[in-house]
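Taken in order, the sequence shown gives residues 0 to 289; the numbers are from numbering that gives the first Met the number 0.
Glycine residues also receive a C-beta, built at the ideal position from the N, C-alpha and C atoms.
The structure under discussion appears below in the form of structure tokens.
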Amino acid sequence: MDIKEYFARISYQGSYDKLDLDTLTGIFQHHIRSVPFENLSIHCGERVELDLEPVYHKIVKKNRGGWCMENNHLLSWALKTLGYDITLLGSKVYVPEYDAYADEIDHLLLKVVLDGKSYIVDGGFGMAYQLWQPMELISGKDQPQTPGTFRFLEENGIWYLEKVKRKQYVPNQSVSTSHNVEKEVCRRVYLFTLQPRDIEEFRPRNLHLQTAPDSLFVTKSICSLQTTDGIRALVGWKLTEMKYNYKDNMDLVEIRILADEEIEKTLKEKFNITLDKKFVPINTSRLSLF
């Protein structure tokens, strides 16, 4: 880990001599605003790898993004290099269309212990359910953030993350997707335990998610990036830009369908991504990401 090169990649210019919550939050926020959550490799004929060397090369050297197992693995390496107490955890993501959690662990997140308190740091969920701040590991406490109010609920050693959503204002309703966005007030995000995990435990799922025909990441090409006031996301040909708390506890959602010839330029201008291989967008799954 070349920590200065990593900081240059995420445009972090703050101090890092103190291992405190402010420093952790600053590094975390620069990461999620600089490194997209994306699965474009799958749709460019590339493999998603978990070893730190290829992950570092892809995200730091090549200016790409990655999904949870890449983003959080890299972030854990950077934070460990600085001296933070980091533990890898595994979670099962909630799938609203099936009203169920995944059968197996399919998401990597981090636990950070600071001054005797435990925090969840997750820089690799993306879209509108991406945390913007480390969350203290306390059950039943609302923790308001810019994207909405998050909270943990613990039951018999299982922790559940959920997000209270705002209403959404979508000016261009004709290309809006959501069948249930207006009705959905609270979204379950994932469940997890505090059992420490090793990156090796994620290898089978990492392979499955990029090869199984019914995998969300095979049926949707996704690239999302947090901004200073919301998010932007390219899913297939659909570009969505969301501004949080635009007015009256309401998020502004602007949607545009791109032509094929606009994709490459949009990836460069909106996400700072240039791909080496030909990218083939896809969006055949009905699963909602918002």
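With 16 as the cutoff for other CB atoms within 10 Å, does residue i come out buried or exposed?
i, result
"Y97", "exposed"
"N38", "buried"
"S10", "exposed"
"H56", "exposed"
"A99", "exposed"
"D250", "buried"
"Q194", "exposed"
"K276", "exposed"
"G122", "buried"
"T80", "exposed"
"S75", "buried"
"V234", "buried"
"A127", "buried"
Pick from the options: whose alpha carbon is nearest that of residue i?
i, options, result
"V94", "S214, V234, S220", "S214"
"V169", "P212, P143, F278, K246", "K246"
"I281", "D259, R32, T80", "D259"
"Q225", "R186, G115, T145, D16", "T145"
"K162", "E154, L20, L130", "L130"
"E200", "H106, T227, D114", "H106"
"F149", "A101, R63, D1, V120", "V120"
"K91", "K17, R187, P35", "R187"
"T22", "I58, G82, T239", "G82"
"F191", "G156, L233, H207", "G156"
"K60", "K3, L20, I104", "K3"
"L20", "F216, E135, N205", "E135"
Bridge partners for residue i per DSSP, in chain order?
i, result
"V234", "I221, K237"
"H106", "S90"
"G229", "K242"
"Y189", "V92, L160"
"D98", "Looking at the DSSP assignment, D98 forms no beta bridge with any residue, so it has no partner."
"F36", "G65, S223"
"I85", "V111"
With a CB to CB cut of under 7 Å and the five nearest residues on each side skipped, what residues in its chain are close to residue i?
i, result
"R196", "L87, L88, G89"
"T218", "I281, T283, S284"
"V54", "E48, G65, E69, H72, L73"
"P35", "G64, C222, S223, L224, F270, I272"
"K140", "R150"
"Y5", "V59, A77"
Are there any heavy atoms of the ligand HEM lying less than 7 Å away from the beta-carbon of residue i, as far as the coordinates show?
i, result
"L233", "Among the components of this structure there are no ligands whatsoever, and the ligand HEM is therefore not found."
Counting only the same chain and skipping the five closest in sequence on each side, list residues whose C-beta sits under 8 Å from that of residue i.
i, result
"F278", "L39, H42, C43, S220, I262, E263, L266"
"T227", "R32"
"H178", "Note on H178: pLDDT 48, under 50, position unreliable in the model; the coordinate value appears next. Result list for H178: S287, in chain order."
"L113", "L18, D19, L20, L23, Y83, D84"
Apart from the five residues just before and just after residue i, which ones in its own chain have a Cβ nearer than 6 Å to its Cβ?
i, result
"W236", "I256, L257, P280"
"G229", "M241, K242, Y243"
"Q132", "T24, Q144"
"L51", "W76"
"N248", "R165"
Which ranges does the beta strand (DSSP E) cover as unbroken runs of at least 3 residues, wholly within the region 236-283, from first to last along the chain?
Unbroken beta strand (DSSP E) runs of no fewer than 3 residues, entirely contained in the region 236-283, are found at 237-246, 249-256, following chain order.
Sequence ranges, beta strand (DSSP E) only - wholly within the region 104-173, length at least 3
106-113, 116-120, 142-144, 147-154, 157-163, 166-168
Could I get the ranges of all uninterrupted alpha helix (DSSP H) runs contained in the region 43-82, with 4 residues as the minimum, in chain order?
51-55, 67-81
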